[in-house]
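Contents: one structure, followed by commentary.
There are 4 protein chains.
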Amino acid sequence: MMMGQGFVVQGSNGEFPFLTSSERLEVVSRARQALPKDKLLLAGSGCESTQATVEMTVSMAQVGADAAMVVTPCYYRGRMSSAALIHHYTKVADLSPVPVVLYSVPANTGLDLPVDAVVTLSQHPNIVGIKDSGGDVTRIGLIVHKTRSQDFQVLAGSAGFLLASYAIGAVGGVCALANVLGSQVCQLERLCLTGQWEDAQKLQHRLIEPNTAVTRRFGIPGLKKTMDWFGYYGGPCRSPLQELSPAQEEALRLDFASNGWL
Amino acid sequence: MMMGQGFVVQGSNGEFPFLTSSERLEVVSRARQALPKDKLLLAGSGCESTQATVEMTVSMAQVGADAAMVVTPCYYRGRMSSAALIHHYTKVADLSPVPVVLYSVPANTGLDLPVDAVVTLSQHPNIVGIKDSGGDVTRIGLIVHKTRSQDFQVLAGSAGFLLASYAIGAVGGVCALANVLGSQVCQLERLCLTGQWEDAQKLQHRLIEPNTAVTRRFGIPGLKKTMDWFGYYGGPCRSPLQELSPAQEEALRLDFASNGWL
Amino acid sequence: MMMGQGFVVQGSNGEFPFLTSSERLEVVSRARQALPKDKLLLAGSGCESTQATVEMTVSMAQVGADAAMVVTPCYYRGRMSSAALIHHYTKVADLSPVPVVLYSVPANTGLDLPVDAVVTLSQHPNIVGIKDSGGDVTRIGLIVHKTRSQDFQVLAGSAGFLLASYAIGAVGGVCALANVLGSQVCQLERLCLTGQWEDAQKLQHRLIEPNTAVTRRFGIPGLKKTMDWFGYYGGPCRSPLQELSPAQEEALRLDFASNGWL
Amino acid sequence: MMMGQGFVVQGSNGEFPFLTSSERLEVVSRARQALPKDKLLLAGSGCESTQATVEMTVSMAQVGADAAMVVTPCYYRGRMSSAALIHHYTKVADLSPVPVVLYSVPANTGLDLPVDAVVTLSQHPNIVGIKDSGGDVTRIGLIVHKTRSQDFQVLAGSAGFLLASYAIGAVGGVCALANVLGSQVCQLERLCLTGQWEDAQKLQHRLIEPNTAVTRRFGIPGLKKTMDWFGYYGGPCRSPLQELSPAQEEALRLDFASNGWL
Numbered sequence: 001m002m003m004g005q006g007f008v009v010q011g012s013n014g015e016f017p018f019l020t021s022s023e024r025l026e027v028v029s030r031a032r033q034a035l036p037k038d039k040l041l042l043a044g045s046g047c048e049s050t051q052a053t054v055e056m057t058v059s060m061a062q063v064g065a066d067a068a069m070v071v072t073p074c075y076y077r078g079r080m081s082s083a084a085l086i087h088h089y090t091k092v093a094d095l096s097p098v099p100v101v102l103y104s105v106p107a108n109t110g111l112d113l114p115v116d117a118v119v120t121l122s123q124h125p126n127i128v129g130i131k132d133s134g135g136d137v138t139r140i141g142l143i144v145h146k147t148r149s150q151d152f153q154v155l156a157g158s159a160g161f162l163l164a165s166y167a168i169g170a171v172g173g174v175c176a177l178a179n180v181l182g183s184q185v186c187q188l189e190r191l192c193l194t195g196q197w198e199d200a201q202k203l204q205h206r207l208i209e210p211n212t213a214v215t216r217r218f219g220i221p222g223l224k225k226t227m228d229w230f231g232y233y234g235g236p237c238r239s240p241l242q243e244l245s246p247a248q249e250e251a252l253r254l255d256f257a258s259n260g261w262l
Numbered sequence: 001m002m003m004g005q006g007f008v009v010q011g012s013n014g015e016f017p018f019l020t021s022s023e024r025l026e027v028v029s030r031a032r033q034a035l036p037k038d039k040l041l042l043a044g045s046g047c048e049s050t051q052a053t054v055e056m057t058v059s060m061a062q063v064g065a066d067a068a069m070v071v072t073p074c075y076y077r078g079r080m081s082s083a084a085l086i087h088h089y090t091k092v093a094d095l096s097p098v099p100v101v102l103y104s105v106p107a108n109t110g111l112d113l114p115v116d117a118v119v120t121l122s123q124h125p126n127i128v129g130i131k132d133s134g135g136d137v138t139r140i141g142l143i144v145h146k147t148r149s150q151d152f153q154v155l156a157g158s159a160g161f162l163l164a165s166y167a168i169g170a171v172g173g174v175c176a177l178a179n180v181l182g183s184q185v186c187q188l189e190r191l192c193l194t195g196q197w198e199d200a201q202k203l204q205h206r207l208i209e210p211n212t213a214v215t216r217r218f219g220i221p222g223l224k225k226t227m228d229w230f231g232y233y234g235g236p237c238r239s240p241l242q243e244l245s246p247a248q249e250e251a252l253r254l255d256f257a258s259n260g261w262l
Numbered sequence: 001m002m003m004g005q006g007f008v009v010q011g012s013n014g015e016f017p018f019l020t021s022s023e024r025l026e027v028v029s030r031a032r033q034a035l036p037k038d039k040l041l042l043a044g045s046g047c048e049s050t051q052a053t054v055e056m057t058v059s060m061a062q063v064g065a066d067a068a069m070v071v072t073p074c075y076y077r078g079r080m081s082s083a084a085l086i087h088h089y090t091k092v093a094d095l096s097p098v099p100v101v102l103y104s105v106p107a108n109t110g111l112d113l114p115v116d117a118v119v120t121l122s123q124h125p126n127i128v129g130i131k132d133s134g135g136d137v138t139r140i141g142l143i144v145h146k147t148r149s150q151d152f153q154v155l156a157g158s159a160g161f162l163l164a165s166y167a168i169g170a171v172g173g174v175c176a177l178a179n180v181l182g183s184q185v186c187q188l189e190r191l192c193l194t195g196q197w198e199d200a201q202k203l204q205h206r207l208i209e210p211n212t213a214v215t216r217r218f219g220i221p222g223l224k225k226t227m228d229w230f231g232y233y234g235g236p237c238r239s240p241l242q243e244l245s246p247a248q249e250e251a252l253r254l255d256f257a258s259n260g261w262l
Numbered sequence: 001m002m003m004g005q006g007f008v009v010q011g012s013n014g015e016f017p018f019l020t021s022s023e024r025l026e027v028v029s030r031a032r033q034a035l036p037k038d039k040l041l042l043a044g045s046g047c048e049s050t051q052a053t054v055e056m057t058v059s060m061a062q063v064g065a066d067a068a069m070v071v072t073p074c075y076y077r078g079r080m081s082s083a084a085l086i087h088h089y090t091k092v093a094d095l096s097p098v099p100v101v102l103y104s105v106p107a108n109t110g111l112d113l114p115v116d117a118v119v120t121l122s123q124h125p126n127i128v129g130i131k132d133s134g135g136d137v138t139r140i141g142l143i144v145h146k147t148r149s150q151d152f153q154v155l156a157g158s159a160g161f162l163l164a165s166y167a168i169g170a171v172g173g174v175c176a177l178a179n180v181l182g183s184q185v186c187q188l189e190r191l192c193l194t195g196q197w198e199d200a201q202k203l204q205h206r207l208i209e210p211n212t213a214v215t216r217r218f219g220i221p222g223l224k225k226t227m228d229w230f231g232y233y234g235g236p237c238r239s240p241l242q243e244l245s246p247a248q249e250e251a252l253r254l255d256f257a258s259n260g261w262l
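Pasting the structure below:
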């Protein structure tokens with residue numbers, strides 16, 4: 001499940017809310033066929049209802065997912081108490097044939113999976129970790145601290161705070177930026193894991209603006225455009241996501257160029 | 001489309017994010033069969049992608065919806081600029097066989113449909129109004145003001161600010177509370193429309209706490225529990241929504257009792 | 001204390017946080033001298049600490065304030081619970097020689113004076129009302145409803161929701177816009193108080209954009225610039241507030257011109 | 001200015017908004033007298049207006065402050081653009097006889113000093129660093145990255161993210177928790193500066209809950225109560241801050257005890 005060891009499909013940048021159920025399964029199935037057997041495939045299977053999430057998780061496992069990454073339901077965020085979220089994830093983990101990774105991404109969902117819920121859920125035998133995209137490193141440190149007795153993996157959800165997350169005890173990352181600067185993000189991981197913090201810091205610094213550009217600043221259209229530049233296939237976004245304007249493209253390019261990546 | 005003149009299915013309180021596509025259509029179909037022909041049926045057809053929204057809207061029209069109420073897509077709220085939302089709604093309205101009502105509900109979506117987008121969209125021949133659930137009456141007044149030249153209906157999206165919305169120029173409401181206190185909400189409308197503002201004010205005051213109780217405070221579980229109390233069928237919620245605790249039920253009951261409704 | 005019956009100095013637009021204590025008193029003193037005796041003078045006396053607020057309130061009363069408008073302390077907003085705010089206002093009201101008006105302005109303070117605190121405080125014999133600038137008309141209605149048994153005056157804190165506030169039971173307003181369009185704001189009040197709601201609505205509509213322009217959109221620099229245009233003395237702002245750019249001035253002008261005021 | 005090398009008075013936990021101008025100066029003066037000459041004294045001199053901030057800064061320097069820490073003005077946060085803040089700090093730094101440290105503390109002020117403003121201000125010869133209390137380590141890393149060519153010190157504003165801040169390039173910290181666990185916070189600094197990251201991580205983990213307890217969770221009343229427990233003088237808070245309830249005290253104690261500090 002850790003970066004460099006596998007692949008994630010249908011995280012927030014996979015446009016999963018725009019895909020039909022069968023498309024979602026097909027993405028998993030095709031990714032599985034394309035990947036070497038020893039590479040882990042982590043698939044985003046979250047839906048709004050518990051029942052739909054269970055069904056999607058089971059189906060994704062059947063077509064090849066090694067683990068399921070389950071985003072917090074969010075439309076009724078005012079009612080998503082710790083108790084409700086614990087109930088939801090427990091049900092999903094009980095019924096999932098593959099391990100479950102919690103996924104908290106407040107920029108999209110408008111809610112943080114509360115720390116007390118994470119701690120409770122970390123004790124479930126089929127819940128193996130969390131992808132935390134909120135960027136609050138104090139919170140990430142606290143989660144590491146309070147789940148230490150479990151075999152629970154904390155993963156940084158974005159490349160902007162990857163070094164800081166490793167420093168505080170995270171064991172990996174799931175980073176949109178790795179779609180574009182994959183080897184650099186893996187290099188940053190290696191520098192952290194081998195204790196080369198000065199070099200890690202230099203590299204991390206140069207990744208912050210590119211990372212913000214393909215996430216918060218320009219979103220999926222920015223990520224896809226950059227993938228095109230770097231020789232991958234980014235392709236179009238589904239509507240209502242819109243292509244970048246020429247001025248936005250220019251600003252995006254500058255965020256990479258000024259850090260020496262273009 | 002106006003309160004007292006019709007019914008809405010699959011607004012936010014209809015738990016639409018928890019329903020499958022076929023369930024969503026069945027709800028519309030059954031409601032159509034149950035309703036007298038002269039009663040308008042407004043159906044919530046919003047999905048995250050433009051394409052899915054178009055398909056759902058067309059299908060709902062086929063099974064009997066008289067108009068479609070389309071909530072703003074929200075998972076990628078950081079990219080939901082006016083331009084993106086105008087594009088989305090224009091496409092949906094172009095292809096919808098029935099009139100479209102915009103739907104802005106920031107408590108659930110984390111975004112307001114911007115006023116400038118509403119004004120632009122009000123000029124589309126197949127967009128006939130907006131349900132605004134945000135409760136910002138200054139904004140509602142501005143929308144009325146700037147769409148005055150169009151035949152565009154502004155509907156209050158909650159009973160807590162219904163009187164104020166009528167006072168500022170709204171022509172109706174779509175109110176969760178009407179599931180419980182239907183005749184009272186209709187009575188409030190009549191008092192407003194006939195200029196009996198003093199009586200309207202007294203009635204409105206007594207509806208604020210019950211309304212907050214079944215929306216922001218206790219959400220759908222509160223609404224359903226109250227429906228049971230008032231002799232309707234509320235029934236269970238789908239998970240991850242949780243039933244109310246006894247203490248919450250007590251507080252809910254008090255919000256109705258202290259205003260003379262129980 | 002009601003609009004049309006008096007004047008307010010050192011509300012948020014009076015730049016009170018930029019004035020020294022002696023300047024604050026001098027403003028009150030000079031305003032008192034300039035006003036006819038039968039005109040009420042309401043003076044903003046809020047400070048961060050309870051003790052400073054008491055001292056400022058007493059001093060302002062000595063130099064001629066008829067009542068004190070006391071903004072919520074806000075720097076430690078995380079600790080400003082209902083209990084803390086009730087304690088603060090009770091102490092101030094106990095020691096003030098003149099009546100106290102509560103003042104809630106979340107755009108500046110980042111906190112709303114909670115409704116339960118307002119209801120408790122409304123029972124204090126020396127607390128006579130609240131200026132609510134938040135614009136949440138549901139909340140305003142609830143405050144009117146729950147303080148009805150007291151002789152407690154609810155005042156709209158901005159002209160954008162003045163009509164709606166009257167409709168729901170407010171008895172007056174304290175409006176920045178009245179510095180520029182004073183007679184129009186008073187006219188709106190009269191139309192509301194005499195039940196001429198259609199004319200009131202038309203006038204209210206034309207005041208929303210100008211009001212937003214001199215408050216949320218362009219702030220005090222916008223208000224002062226507009227005062228200059230309308231033949232009053234606006235004058236410079238204290239730093240760090242900055243003058244408007246030419247483009248901002250143009251946009252400000254348009255907000256008045258497009259509604260027929262320039 | 002760096003932790004372990006000096007002392008700060010009148011940061012947010014010094015209750016500076018509750019002190020009169022003369023009290024603020026007296027605090028600085030007395031601290032200067034109590035401190036060894038070689039210990040740096042950093043004094044919070046921020047006020048809402050530029051003029052008052054300049055005067056306070058000059059006066060504090062006269063009574064012994066070695067440097068001034070200047071919080072962002074915040075009452076008119078809607079108008080505190082980068083341009084306004086750059087103007088404010090430039091004026092203060094131009095006229096201050098001692099070096100200036102920027103201070104961004106969004107939990108109290110409701111605004112972040114924008115990164116572009118920090119970068120511009122870092123070029124001022126009399127602005128030597130920033131205390132950033134927001135806890136966004138991505139932002140802190142970006143500030144380090146973009147001010148690298150200047151001699152500009154980035155200081156973590158809270159002990160919860162101190163290790164992460166060092167890891168990403170901060171050179172010190174100004175931490176409320178150091179009032180209680182001073183040697184432990186200094187120990188954490190040493191472990192970071194000497195590259196003992198594993199031990200640092202263990203220590204950091206045990207400081208997160210105590211730190212949150214004396215800041216966000218229980219604020220100044222919590223900090224003072226804890227100081228009493230640890231043999232320092234915490235003393236009472238000024239009103240409107242309220243003492244902790246017995247239940248809150250118990251929770252506070254648990255946050256320290258469960259991490260082995262009590």
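Chains as they are written, first to last, in UniProt numbering: chain S, 1 to 262; chain G, 1 to 262; chain Y, 1 to 262; chain E, 1 to 262. Think of the CB as a built atom: it goes at the ideal place given N, C-alpha and C, for glycine as much as any other residue. No experiment lies behind these values; they were computed from the predicted model shown.
- [ ] Determine the chain E residues that contact His87 (chain Y) at a beta-carbon separation under 9 Å, and present them in chain order.
- [x] Walking along the third sequence from the start, residue 87 (chain Y) turns up at place 87. Under the 9 Å cutoff, chain E gives Ser239, Pro240 and Gln242.
TODO: Pull up the DSSP beta-bridge partners for Met69 (chain E), would you.
DONE: Counting from one through the fourth sequence, the residue named residue 69 (chain E) turns up at place 69. Met69 (chain E) pairs with E:Gly44 and E:Val101.
Task: Beta-carbon proximity of Pro207 (chain G) to Leu188 (chain G), cut-off 8 Å - done: For this step, residue 207 (chain G) is matched to residue 207 along the second sequence. For this step, residue 188 (chain G) is matched to residue 188 along the second sequence. The amino acid at residue 207 (chain G) is misidentified as Pro; the sequence shows Leu. Contact: yes.
- [ ] Using a cut-off of 7 Å between C-beta atoms, extract the partners of Thr138 (chain G) located in chain Y.
- [x] Walking along the second sequence from the start, residue 138 (chain G) turns up at place 138. For Thr138 (chain G), the neighbours in chain Y by C-beta distance under 7 Å run, in chain order, Gly135, Gly160, Phe161 and Ile208.
TODO: Rounded to whole angstroms, what's the CA-CA distance from Phe16 (chain G) to Ser133 (chain Y)? Just pull it up for me.
DONE: Locating residue 16 (chain G) in the second sequence gives position 16, counting from the first residue. Locating residue 133 (chain Y) in the third sequence gives position 133, counting from the first residue. Distance between the alpha carbons of Phe16 (chain G) and Ser133 (chain Y) is about 35 Å.
TODO: For Ser22 (chain G), go through chain S and note every residue whose CB falls closer than 7 Å to its CB, in chain order.
DONE: Your numbering for residue 22 (chain G) matches position 22 in the second sequence. Within 7 Å Cβ-Cβ: nothing; Ser22 (chain G) doesn't reach chain S, min ~12 Å.
- [ ] Measure the C-alpha to C-alpha separation of Tyr232 (chain S) and Leu223 (chain S) and round it to an integer number of angstroms.
- [x] For this step, residue 232 (chain S) is matched to residue 232 along the first sequence. For this step, residue 223 (chain S) is matched to residue 223 along the first sequence. So the alpha carbons of these two residues sit roughly 11 Å apart.
Open item on the list: Against chain C, does Ile168 (chain Y) count as a neighbour if the rule is that its beta carbon must be under 8 Å from one of theirs?
Closed with: The chain inventory of the structure shown lacks chain C, comprising the protein chains S, G, Y and E.
Task: Residue range of the unbroken beta strand (DSSP E) whose run includes Ala159 (chain S) - done: Here residue 159 (chain S) refers to the residue found at position 159 of the first sequence. Taken as a continuous stretch (DSSP letters only), Ala159 (chain S) belongs to no beta strand (DSSP E), as it is neither H nor E.
Open item on the list: Quick check on DSSP: helix, strand or coil for Asp116 (chain S)?
Closed with: As a working note, residue 116 (chain S) is residue 116 in the first sequence. Looking at Asp116 (chain S) - three-state DSSP - the assignment turns out to be helix.
Open item on the list: I need the straight-line Cα distance from Met56 (chain S) to Ser122 (chain S), nearest angstrom please.
Closed with: Looking up residue 56 (chain S) in the first sequence gives position 56. Looking up residue 122 (chain S) in the first sequence gives position 122. Met56 (chain S) and Ser122 (chain S): Cα-Cα distance of roughly 22 Å.
Task: Segment contact flag, the segment 198–214 of chain E with the segment 239–258 of chain E, C-beta cutoff 8 Å, min 3 pairs - done: yes
Task: Chain-ordered neighbours of Glu197 (chain G) on chain Y, where CB pairs are closer than 8 Å - done: Taking the second sequence and counting its residues from 1, one reaches residue 197 (chain G) at position 197. The sequence as given places Trp at residue 197 (chain G); Glu does not occur at that position. Per Cβ cutoff of 8 Å: Ala167, Gly195 and Trp197.
Open item on the list: Please classify Pro240 (chain S) as buried or exposed, where buried requires at least 16 neighbouring CB atoms within 10 angstroms.
Closed with: By one-based count along the first sequence, residue 240 (chain S) stands at place 240. That one is buried.
- [ ] Below 8 Å between beta carbons is the criterion; list the residues of the segment 40–51 of chain E that meet it against any residue of chain S, in chain order.
- [x] none
Open item on the list: Rounded to whole angstroms, what is the Cα-Cα separation between Pro236 (chain G) and Gln242 (chain G)?
Closed with: For the purposes of this step, residue 236 (chain G) is taken as the residue at position 236 of the second sequence. For the purposes of this step, residue 242 (chain G) is taken as the residue at position 242 of the second sequence. So the two alpha carbons sit approximately 9 Å from each other.
Open item on the list: Only counting the same chain, and skipping five residues up and downstream in sequence, which positions put a Cβ closer than 6 Å to that of Val105 (chain Y)?
Closed with: Along the third sequence, read from residue 1 onward, the residue named residue 105 (chain Y) stands at position 105. So the list reads Ser12 and Ser133, once near-sequence residues are dropped.
Task: Bridge partners - Asp199 (chain G), DSSP secondary structure assignment - done: On the second sequence, position 199 is the one that residue 199 (chain G) refers to. Asp199 (chain G) is not bridged to any residue.
Task: Near-chain E residues of the segment 210–229 of chain Y (beta-carbon distance less than 8 Å), N- to C-terminal order - done: Arg216, Gly219, Ile220 and Pro221
Open item on the list: Which of the three DSSP states is assigned to Gly4 (chain Y) in this structure?
Closed with: Numbered from its first residue, the third sequence carries residue 4 (chain Y) at position 4. Model confidence at Gly4 (chain Y) stands at a pLDDT of 49, short of 50, so the residue's coordinates are unreliable and nothing is read from them.
Task: Lys91 (chain Y): contacting residues in chain E (beta-carbon distance under 8 Å) - done: To locate residue 91 (chain Y), count along the third sequence from 1; it is residue 91. Those are Ser239, listed as they occur along chain E.
Open item on the list: By the three-class DSSP mapping on this structure, what secondary structure does Gly169 (chain Y) have?
Closed with: Position 169 of the third sequence holds residue 169 (chain Y). Three-state result, Gly169 (chain Y): coil.
- [ ] Look at the Cβ atom of Gly46 (chain S), then the Cβ atom of Gly14 (chain S), and state whether they are nearer than 8 Å.
- [x] Here residue 46 (chain S) refers to the residue found at position 46 when the first sequence is read from its first residue. Here residue 14 (chain S) refers to the residue found at position 14 when the first sequence is read from its first residue. Going by C-beta atoms, Gly46 (chain S) is not nearer than 8 Å to Gly14 (chain S).
Task: Neighbour-count burial assignment, Gly172 (chain E), 16 or more Cβ in a 10 Å radius - done: Along the fourth sequence, read from residue 1 onward, the residue named residue 172 (chain E) stands at position 172. Burial call: buried.
Open item on the list: Just list the residues that DSSP pairs Gly129 (chain S) with in beta bridges.
Closed with: Numbered from 1 along the first sequence, position 129 holds the residue referred to as residue 129 (chain S). Answer is S:Val101 and S:Gln153.
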